[in-house]
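Data block below; observations after.
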DNA sequence: GTCTATAGCTAGATAGAC
DNA sequence: GTCTATCTAGCTATAGAC
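Residue numbers (the working numbering), protein chains in the order written: chain A, 9 to 196; chain B, 9 to 196.
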């Protein structure tokens with residue numbers, strides 16, 4: 009067997025970047041292949057189901073990223089709570105490259121004609137909310153308040169990414185990320 | 009001259025709806041024409057510059073919407089300040105149809121290959137920020153605090169729209185809109 | 001596993017009848 | 001002003017050589 013030009017995880021990373029900058033319809037198979045240094049036909053070898061299989065794989069890869077970098081990190085009882093939260097914020101900062109890259113969920117949550125996407129995104133978002141909510145409950149907030157704080161966390165992240173892109177000012181994302189820990193530790 | 013099947017403002021309203029649900033690349037001229045009850049060639053008669061002229065007109069229409077429903081409403085000294093803010097929040101609630109419709113800026117701020125779009129969106133967003141900032145200063149906040157409140161207003165709107173869509177739960181948008189007035193009147 | 005070549009289709013855009 | 005018909009370019013997807 010001939011060796012792969014690019015391994016699966018590197019390939020997925022390239023594909024994610026294309027989708028989140030151009031969206032589903034805006035990303036052609038030529039775009040996707042080119043960013044991976046491959047030709048269209050080679051992409052079909054790796055993903056026989058075509059564009060739909062590619063975007064599904066990309067979303068599933070994002071799901072596992074969230075499981076380790078958000079959910080497990082926030083729930084890791086061997087680390088002090090505040091330190092866990094700061095680590096997660098760092099992870100999110102890296103995911104969005106300090107606000108210079110947009111969110112894959114946002115890029116893929118348009119009307120695409122691929123009904124599966126919406127439910128995959130919904131599952132991921134629910135997992136994120138649940139992770140932050142569980143964390144907030146652990147440090148003493150009631151279920152209801154914890155839920156509101158979790159939602160506000162995601163709202164701040166997504167909203168600041170949009171405004172950062174629109175105004176072309178990454179300090180907005182940076183400042184918003186910085187305020188998130190005060191949602192959970194108001195007395196700091 | 010033959011009568012128009014649909015007048016300019018109604019036409020623009022239909023076109024906006026297509027763009028904000030499907031994005032720029034996802035909206036084909038057939039989609040756009042069909043939603044207006046016209047054929048492609050008729051759209052070219054109204055917008056000789058094609059898709060780029062259509063999307064530009066759509067964004068300019070949104071700019072004038074913002075001028076009247078946000079900027080002028082917030083600055084209207086003949087109305088009590090709190091009442092102006094509540095009116096603007098109502099206008100925003102209507103614009104996004106209680107959270108069921110996504111934001112045009114968000115839909116069009118992907119990598120489209122149409123460089124004009126980014127700067128049009130940036131101008132609109134800046135106008136919105138400036139309008140809320142001026143309002144916040146008028147009711148007593150310092151320039152720096154007023155700026156932060158204006159940014160947080162837009163972040164909450166955009167973020168809650170994304171999360172509302174992702175989780176398929178319009179109560180999130182409703183609740184977030186409801187909290188915006190407490191940004192400006194914390195003692196309420 | 002990757003590639004070239006190509007099928008079949010739909011996109012954006014035009015020409016010209018009414 | 002709207003339409004049908006059509007052009008070209010790009011799209012997704014496949015076949016088959018290496």
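C-beta: ideal position from N, C-alpha, C; glycine also.
Strictly under 8 Å for the Cβ-Cβ distance: is residue i near chain B by that measure?
i: residue 43 of chain A; result: no
i: residue 180 of chain A; result: yes
i: residue 188 of chain A; result: no
i: residue 85 of chain A; result: no
If you measure from the CB of residue i, is any heavy atom of the ligand COA nearer than 7 Å?
i: residue 83 of chain A; result: Summarising the ligand content, the structure contains no ligands, and the ligand COA is consequently not present.
Kindly indicate if chain A contains any beta-carbon less than 8 Å away from that of residue i.
i: residue 75 of chain B; result: no
i: residue 70 of chain B; result: no
i: residue 162 of chain B; result: yes
i: residue 184 of chain B; result: yes
i: residue 170 of chain B; result: yes
i: residue 82 of chain B; result: no
Taking C-beta pairs closer than 7 Å, name the residues in chain B that residue i reaches, listed in chain order.
i: residue 13 of chain A; result: By Cβ distance, chain B contributes nothing, its closest Cβ being about 25 Å from residue 13 of chain A, past 7 Å.
i: residue 159 of chain A; result: 171, 180
Below 8 Å on the Cβ atoms is my contact criterion, and I expect residue i with residue j to pass it. Report the Cβ-Cβ distance as a whole number of Å.
i: residue 30 of chain A; j: residue 16 of chain B; result: So it is not a contact: roughly 31 Å between Cβ atoms.
i: residue 125 of chain B; j: residue 67 of chain B; result: 7 Å
i: residue 20 of chain A; j: residue 40 of chain A; result: So it is not a contact: roughly 11 Å between Cβ atoms.
i: residue 81 of chain B; j: residue 96 of chain B; result: 5 Å
i: residue 100 of chain A; j: residue 139 of chain A; result: Residue 100 of chain A to residue 139 of chain A, Cβ: 12 Å. No contact.
i: residue 107 of chain A; j: residue 169 of chain A; result: 6 Å
i: residue 34 of chain A; j: residue 60 of chain B; result: Contact flag wrong, Cβ pair sits at about 15 Å.
i: residue 129 of chain A; j: residue 117 of chain A; result: 5 Å
i: residue 185 of chain A; j: residue 160 of chain A; result: Rounded, the Cβ-Cβ distance is 13 Å, inconsistent with contact.
i: residue 171 of chain A; j: residue 156 of chain B; result: Between residue 156 of chain B and residue 171 of chain A the Cβ distance is about 12 Å, and since that is not below 8 Å, they are no contact.
Could you list which residues in chain A have their beta carbon closer than 7 Å to that of residue i, in chain order?
i: residue 175 of chain B; result: 130, 133, 134
Please list the partners that residue i has in chain B, where partner means a Cβ-to-Cβ separation under 8 Å.
i: residue 167 of chain A; result: 162, 163, 164, 165, 166, 167, 168, 170
Q: Can you give me, in chain order, the residues of the segment 90-123 of chain B that have a beta carbon less than 9 Å from any beta carbon in chain A?
A: Cβ contacts with chain A: 110, 111, 113, 114, 115, 117, 118, 119, 120, 121.
(Q) Give me the subset of the segment 125-153 of chain A whose CB atoms are less than 7 Å from a CB atom of chain B, sorted by chain position. (A) 129, 130, 133, 134
Q: Closer than 8 Å, Cβ to Cβ, to anything on chain B: give me those residues from the segment 27-56 of chain A, in chain order.
A: Per Cβ criterion, the list reads 29, 30, 31, 32, 33, 34.
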